[in-house]
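In UniProt numbering, the protein residues as written are 1 to 144.
Ideal Cβ positions, reconstructed from N, Cα and C, are used throughout, including at glycine.
Small disclaimer: the values here were computed from a predicted structure and weren't measured.
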């Protein structure tokens, strides 16, 4: 399998994962926009969120007979949500909770996509700029 095939499988998995799609439909009435290699000078319009983007950080190949390869990605997610919700007995901005839910769903979708050995969550970041919320997680994929 090649790194391009891994990327294609990941994009298809994120665009077709039933729990992820159901969650996006329930909370945002649309499927997520799934893309890769975002253009930092031309960010996506927040009205198209939820957004999931893959950015490749590293691609390592071993010069061994088994040809093991490792991809390192950062997967970013963003939502626009100005609603409130009750969480832990208090009213809070829904985006603070939902961006974390989205990250967990994205990680689960990637782990179930037959990409190879997938490890997630080495680094997790969140950013809250109400009503915009973002998260990013690192993903390492080992494959042959």
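### Query
The alpha helix (DSSP H) with residue 15 in it runs from where to where?
Residue numbering aside, residue 15 sits at position 15 when the chain shown is read from its first letter. Where residue 15 is concerned, the enclosing alpha helix (DSSP H) stretches over 3 to 16.
### Task
With DSSP collapsed to three states, give me the class of residue 115.
Counted from its first residue, the chain shown places residue 115 at position 115. Note: residue 115 maps to coil in three-state DSSP.
### Message
Going by C-alpha to C-alpha distance, which of 144, 136, 9 sits closest to residue 73?
### Response
Locating residue 73 in the chain shown gives position 73, counting from the first residue. That would be 136, whose Cα lies nearest to the Cα of residue 73.
#### Entry: Residue span of the beta strand (DSSP E) that contains residue 80, given as start and end
Translated into the one-based positions of the chain shown, residue 80 becomes position 80. Note, residue 80: beta strand (DSSP E), 69 to 80.
### Query
Do residue 69 and residue 59 have their C-beta atoms within less than 8 angstroms of each other?
The residue you call residue 69 lines up with position 69 of the chain shown. The residue you call residue 59 lines up with position 59 of the chain shown. In contact: residue 69 and residue 59 (Cβ atoms closer than 8 angstroms).
### Message
Need the endpoints of the beta strand (DSSP E) that residue 93 sits in, please.
### Response
Walking along the chain shown from the start, residue 93 turns up at place 93. Taken as a continuous stretch (DSSP letters only), the beta strand (DSSP E) holding residue 93 covers 90 to 93.
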